[in-house]
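A.B. asks: Protein sequences appear in the order of chains A and B.
Our numbering applies: residue 35 is where the first sequence begins, and numbers increase by one.
Our numbering applies: residue 52 is where the second sequence begins, and numbers increase by one.
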Amino acid sequence: MSETKSSGDPAGKTEIQENSDAQQPPSPAPEDVDPSKAEVRVTRKRPESKLPSEPKDPEQKQANENSQQASGAPAPQGAWGYWGSWGKSILSTATATVATVGQGISQVIEKAESSLGIPNPTDLSTQIKEEERQEGSSSSEHPGTSRESDSTSPIGGAIGMFSSLSSVVQSTGKTMISGGLDALEFIGKKTMDVIAEGDPGFKKTKGLMSRTSTLSQVLREAKEREEKQTAEQVSADTVRKAHYGMLFDEFQGLSHLEALEILSRESEAKVKSILASMSGQELHKMKEELEQIREAFSLVDFDDEDLDGRKDEDGTEFVKELTDVLAELQISATADKLSRARKSACDRISELNVPAEGSQVEDGKEASEASGAELISRCSVEGAQRSVACPPQEIHTSAITSLAELTARSIEQFHKVAELILHSQNAGATTLGQASALSQMTVILCKEISLLSRRFTSCLTTVGSNEKGDVLNPLITGVFLEASNSASYVQDAFQLLLPVLEIAHIQTCTNSSQL
Amino acid sequence: MEAIWIYQFRLIVIGDSTVGKSCLLRRFTEGKFTDVSDPTVGVDFFARLVEIEPGKRIKLQLWDTAGQERFRSITRSYYRNSVGGLLVFDLTNRRSFEHLKDWLDESKMYVQPFEIVFLLVGHKCDAGHQRQVSREEAERFALACGMKYIETSAKDATNVEESFTILTRDIYERVKRGHISIQEDWEGVKSGFIPNVVHSSEEAVKPGRRCPC
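Here's what the structure looks like:
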């Protein structure tokens, strides 16, 4: 693993690699050799590598999908497995190669430019619907376009993009090292925009790429679009969908992110000007020390296997880990708000009152009616047709709300840490120690997000086991997407702390030399 | 959820430590009052919708800054994107009144090139007998600095709504008259949107037509 480590990669290298790889098909990443992740990797690589041999018969695929759905819903597992792989490959910079990173970026650019996703085989039928929908919309309101396909397609389309998005996330940590904040935000905002918007056509991505705005700006724009859409839908009798961006803002995630960005920007400017005023040995020494801190920011290791079999139902483990890490920072920050967010997510899960897996009645139809009946009172929807469809929707809403809340609190935590580090001079902890504690915190938070979405998606598969794939799949995919989204917010917020720690370190050094 | 608003104003709340800024905001946004609370670290956030005219709502994004001196260098960074501010002092703490000038000077320095519309808030007016600043004195100071003055209490909810409404109206008038304009890279005032369902003001006036939130 260590031979692929490249955290010391100088600034230009990654970009050169990226350019030269732009036209090449992606080669398997080194971590593919892990047999336990093989299935997952296949899912992920399909859009690129298996396209030419794509089966042309959509009905067959549909049938395939449906049978998969009936036999214990492996599709969600596949997608979830994907998430697992995400966790492994993205956070584990030690195993990622420069080549992979370069490809990640070039893939995204290619995707963005091709304006429509390459069909994901497991979702080909959805994709076709998607294309129909697009044709329909281009010839202005095609009468044959049903609302059902309307509501499912955007997410179905997005799944085709999922692999390329993951590559973006994968490269985030790496690019940080070499390219600094700009690169991070460039990538981050693209990821955000694509995911948050659920725009299968990537229509706005091209425009985005030429613009330079901050992450919070992009998030805000996404949220505003959601708000606009919601406003337009007020009179229309549409099923109200949970909007991650709006919820994230309601939990004050955007504000905290913006404030963190302000601090990060100002710190970065200060670091630059102080370094510019240094020279000779002093500058050399300082640069080396800052490089160490930077490395601590890139070496986030996340072993997804830890999550398997981990329950932590009541969240005590999470709170304990978090409290320990915060103690290492020695800045009197507490995990209170995060633990409350974790608790409210748990409460939401128990409120859903989903029967435990395996307690299903043999007869699938009865099981469906039973779970439907249990939830019907909560849904306050009349009509048998809709009462069956409602519970998964409600779980989806709970999941998105919980993810948005936990993410907002995570961003808040990073923001508070930044504020406390900036004002507390010469605390007991070294900056390097703080950097590694913060990177551990990032892992803990990402794990929690991952666990949370697992629990919600397992609720979805339990309740929706008798749902049609095209109802359930988009919901499950939606939870995955927002979970991945959430994790990249958290990682981006973590990276925003780098200049803060750098300036704190410089100030500590100059203070002690003055004494 | 259907937060339909015509503008979003960002307001900053400043003043000495323990004058009750966070309590004021919690009362305004959550309707709650707690006697004991932890000092604010850096900045915290609140949000609420205010209806200034029937059917016309403004979203207030409230930045609650730490009053403690040790956070001053951080809170300074947050001034720039605010269109308005509540300058809060404690009626039972004369020093917090004497520091007002410093707060104003600092905010003016860091908000450049923009300007903050301030409202002076004498807080804790419920503690009548412990008062150390008279209404007249506070009013004179406010007048000299071109601010309005109001006395509030988060504890018994006196004038809490009013203080935010007055400030919001002031800013709204200035926006309408073009004295304050929306700018691309400035978060002070953001334009919202009007839903398709509400086509005219007459329609909007009718109760029950609007979304119930």
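All C-beta atoms in this analysis are idealised placements derived from N, C-alpha and C, irrespective of residue type, glycine included.
If you follow the alpha helix (DSSP H) that GLU292 of chain A is in, where does it begin and where does it stop?
C.D. replies: Residue mapping note: residue 292 of chain A aligns to position 258 of the first sequence, counting from 1. GLU292 of chain A -> alpha helix (DSSP H) spans 287-311.
A.B. asks: How is the beta strand (DSSP E) around VAL139 of chain B delimited, first residue to last?
C.D. replies: Within the second sequence, residue 139 of chain B is the residue found at index 88, counting from 1. Start and end: 135-141.
A.B. asks: Are the Cβ atoms of PHE140 of chain B and HIS180 of chain B separated by less than 9 Å?
C.D. replies: Translated into the one-based positions of the second sequence, residue 140 of chain B becomes position 89. Translated into the one-based positions of the second sequence, residue 180 of chain B becomes position 129. Not a contact, by the Cβ cut-off of 9 Å.
A.B. asks: Can you tell me whether TYR130 of chain B is helix, strand or coil according to DSSP?
C.D. replies: By one-based count along the second sequence, residue 130 of chain B stands at place 79. Reduced to three states, the DSSP call for TYR130 of chain B is coil.
A.B. asks: Interface residues of chain A around GLY93 of chain B at Cβ under 9 Å?
C.D. replies: Working through the second sequence from its first residue, we reach residue 93 of chain B at position 42. Here the neighbours are ALA293, LEU297, HIS449, LYS450, ALA452, GLU453, LEU454, LEU456 and HIS457.
A.B. asks: Alpha carbon to alpha carbon, how far is ARG220 of chain B from GLU102 of chain B? Give it in angstroms, no decimals.
C.D. replies: Residue 102 of chain B sits at position 51 when you count from the first residue of the second sequence. Residue 220 of chain B sits at position 169 when you count from the first residue of the second sequence. Each residue's alpha carbon lies about 10 Å from the other.
A.B. asks: Under a three-way DSSP split, which group does VAL184 of chain B fall into?
C.D. replies: The residue given as residue 184 of chain B occupies position 133 in the second sequence. Coil at VAL184 of chain B, not helix or strand.
A.B. asks: Would the beta-carbon of THR143 of chain B fall within 9 Å of that of TYR129 of chain B?
C.D. replies: Translated into the one-based positions of the second sequence, residue 143 of chain B becomes position 92. Translated into the one-based positions of the second sequence, residue 129 of chain B becomes position 78. In this structure, TYR129 of chain B does not lie closer than 9 Å to THR143 of chain B by Cβ.
A.B. asks: Where DSSP assigns a beta bridge to VAL353 of chain A, which residues make up the other side?
C.D. replies: Working through the first sequence from its first residue, we reach residue 353 of chain A at position 319. Paired residues: none, contrary to the question.
A.B. asks: Using the C-alpha atoms, what's the distance from LYS110 of chain B back to GLU284 of chain A?
C.D. replies: Stepping through the first sequence from its first residue, residue 284 of chain A is reached at position 250. Stepping through the second sequence from its first residue, residue 110 of chain B is reached at position 59. In a straight line, the C-alpha of GLU284 of chain A is about 12 Å away from that of LYS110 of chain B.
A.B. asks: In this structure, does DSSP put LYS502 of chain A in helix, strand or coil?
C.D. replies: Counted from its first residue, the first sequence places residue 502 of chain A at position 468. It is coil, neither helix nor strand.
A.B. asks: Does the Cβ-Cβ distance between GLY93 of chain B and HIS430 of chain A come in under 9 Å?
C.D. replies: Taking the second sequence and counting its residues from 1, one reaches residue 93 of chain B at position 42. Taking the first sequence and counting its residues from 1, one reaches residue 430 of chain A at position 396. Their beta carbons are not under 9 Å apart, which means GLY93 of chain B does not touch HIS430 of chain A by this criterion.
A.B. asks: From what residue to what residue does the alpha helix (DSSP H) around ILE217 of chain B run?
C.D. replies: For this step, residue 217 of chain B is matched to residue 166 along the second sequence. Looking at the DSSP string, the run of the alpha helix (DSSP H) that includes ILE217 of chain B is 211-227.
A.B. asks: I need the DSSP call for HIS230 of chain B, collapsed to helix, strand or coil.
C.D. replies: In the second sequence, the residue the question calls residue 230 of chain B occupies position 179. In the structure shown, HIS230 of chain B sits in coil (DSSP, three-state: anything other than H, G, I, E or B).
A.B. asks: Buried or exposed: where does PRO164 of chain B fall if 16 or more other Cβ atoms within 10 Å of its Cβ makes it buried?
C.D. replies: By one-based count along the second sequence, residue 164 of chain B stands at place 113. Label assigned to PRO164 of chain B: exposed.
A.B. asks: Would SER289 of chain A count as contacting chain B if we go by Cβ distances under 9 Å?
C.D. replies: If you number the first sequence from 1, residue 289 of chain A lands on position 255. Yes, SER289 of chain A counts as interfacial toward chain B.
A.B. asks: Restricting to Cα atoms, I'd like to know which of B:THR126, B:SER68 and B:ILE57 is closest to GLY106 of chain B.
C.D. replies: The count along the second sequence starts at 1 and reaches residue 106 of chain B at position 55. For GLY106 of chain B, the nearest C-alpha among the options comes from B:ILE57.
A.B. asks: Quick check on the burial criterion: 16 or more other C-beta atoms within 10 angstroms. Buried or exposed for HIS277 of chain A?
C.D. replies: As a working mapping, residue 277 of chain A is identified with position 243 in the first sequence. With 16 or more Cβ atoms within 10 Å of its Cβ, HIS277 of chain A is classed as buried.
A.B. asks: In the DSSP assignment, find the unbroken beta strand (DSSP E) run with HIS174 of chain B in it and report its ends.
C.D. replies: For the purposes of this step, residue 174 of chain B is identified with residue 123 of the second sequence, where counting begins at 1. 168-174 is the span of the beta strand (DSSP E), which, as asked, contains HIS174 of chain B.
A.B. asks: What number of angstroms, rounded off, separates the C-alpha of VAL184 of chain B from the C-alpha of LEU137 of chain B?
C.D. replies: Counted from its first residue, the second sequence places residue 184 of chain B at position 133. Counted from its first residue, the second sequence places residue 137 of chain B at position 86. Roughly 18 Å between the two C-alpha positions.
A.B. asks: So, is the C-beta of GLU300 of chain A closer than 9 Å to a C-beta in chain B?
C.D. replies: Taking the first sequence and counting its residues from 1, one reaches residue 300 of chain A at position 266. Yes, contact with chain B.
A.B. asks: Would GLU516 of chain A count as contacting chain B if we go by Cβ distances under 9 Å?
C.D. replies: Position 482 of the first sequence, counted from the first residue, corresponds to residue 516 of chain A. So, not an interface residue.
A.B. asks: Could you tell me which residues DSSP pairs with LEU17 of chain B in its beta bridges?
C.D. replies: Look at the range of chain B in this structure, 52 to 264, and you will see that residue 17 of chain B is not part of it.
A.B. asks: Counting along the chain, where does the alpha helix (DSSP H) carrying ILE201 of chain B start and finish?
C.D. replies: Position 150 of the second sequence, counted from the first residue, corresponds to residue 201 of chain B. Run containing ILE201 of chain B: none in the alpha helix (DSSP H); it sits in the beta strand (DSSP E), 199-202.
A.B. asks: DSSP puts ILE65 of chain B in a beta bridge; with which residues?
C.D. replies: Translated into the one-based positions of the second sequence, residue 65 of chain B becomes position 14. Paired residues: B:LEU138.
A.B. asks: Can you name the start and end residues of the alpha helix (DSSP H) that SER242 of chain B belongs to?
C.D. replies: Start at 1 with the first residue of the second sequence, and residue 242 of chain B comes out as number 191. That residue, SER242 of chain B, is in no alpha helix (DSSP H); its beta strand (DSSP E) goes 240-242.
A.B. asks: Note down, in chain order, every chain A residue with its Cβ under 8 Å from the Cβ of TYR129 of chain B.
C.D. replies: Residue mapping note: residue 129 of chain B aligns to position 78 of the second sequence, counting from 1. Here the neighbours are ALA293 and ILE296.
A.B. asks: DSSP three-state label for GLU235 of chain B, please.
C.D. replies: Within the second sequence, the letter at position 184 stands for residue 235 of chain B. DSSP places GLU235 of chain B in coil when its eight states are reduced to three.
A.B. asks: Can you list the residues of chain A that GLN163 of chain B reaches, using a CB-CB cut of under 9 Å?
C.D. replies: Translated into the one-based positions of the second sequence, residue 163 of chain B becomes position 112. The premise fails here: GLN163 of chain B is roughly 15 Å from chain A at the closest Cβ pair, so nothing lies under 9 Å.
A.B. asks: Check whether the Cβ atoms of THR496 of chain A and PHE514 of chain A sit closer than 9 Å, and answer yes or no.
C.D. replies: Here the question's residue 496 of chain A lines up with position 462 in the first sequence. Here the question's residue 514 of chain A lines up with position 480 in the first sequence. Contact flag unset, no.
A.B. asks: In angstroms, rounded to a whole number, what distance separates the CA positions of GLN444 of chain A and GLU187 of chain B?
C.D. replies: Position 410 of the first sequence, counted from the first residue, corresponds to residue 444 of chain A. Position 136 of the second sequence, counted from the first residue, corresponds to residue 187 of chain B. The sequence shown places Ser at residue 444 of chain A, rather than the Gln named in the question. Those two C-alpha atoms are separated by around 46 Å.
A.B. asks: In whole angstroms, what is the alpha-carbon distance linking THR69 of chain B and GLY243 of chain B?
C.D. replies: Here residue 69 of chain B is taken as the residue at index 18 of the second sequence, counted from 1. Here residue 243 of chain B is taken as the residue at index 192 of the second sequence, counted from 1. In a straight line, the C-alpha of THR69 of chain B is about 34 Å away from that of GLY243 of chain B.
A.B. asks: On a CA-only basis, which of A:ASP370, A:LEU281 and A:GLU292 is nearest ALA452 of chain A? Give me that one, please.
C.D. replies: Position 418 of the first sequence, counting from 1, holds the residue named residue 452 of chain A. It is A:GLU292 whose Cα lies nearest to the Cα of ALA452 of chain A.
A.B. asks: Could you name the residues of chain A that PHE122 of chain B contacts, counting a contact when the two beta carbons are closer than 8 Å?
C.D. replies: Numbered from 1 along the second sequence, position 71 holds the residue referred to as residue 122 of chain B. Under the 8 Å cutoff, chain A gives GLU453 and HIS457.
A.B. asks: Compare the C-alpha of THR602 of chain A against each of A:HIS449, A:LEU309 and A:ALA438 and name the closest.
C.D. replies: Here chain A comprises residues numbered 35 to 549, so residue 602 of chain A is not present and cannot be evaluated.
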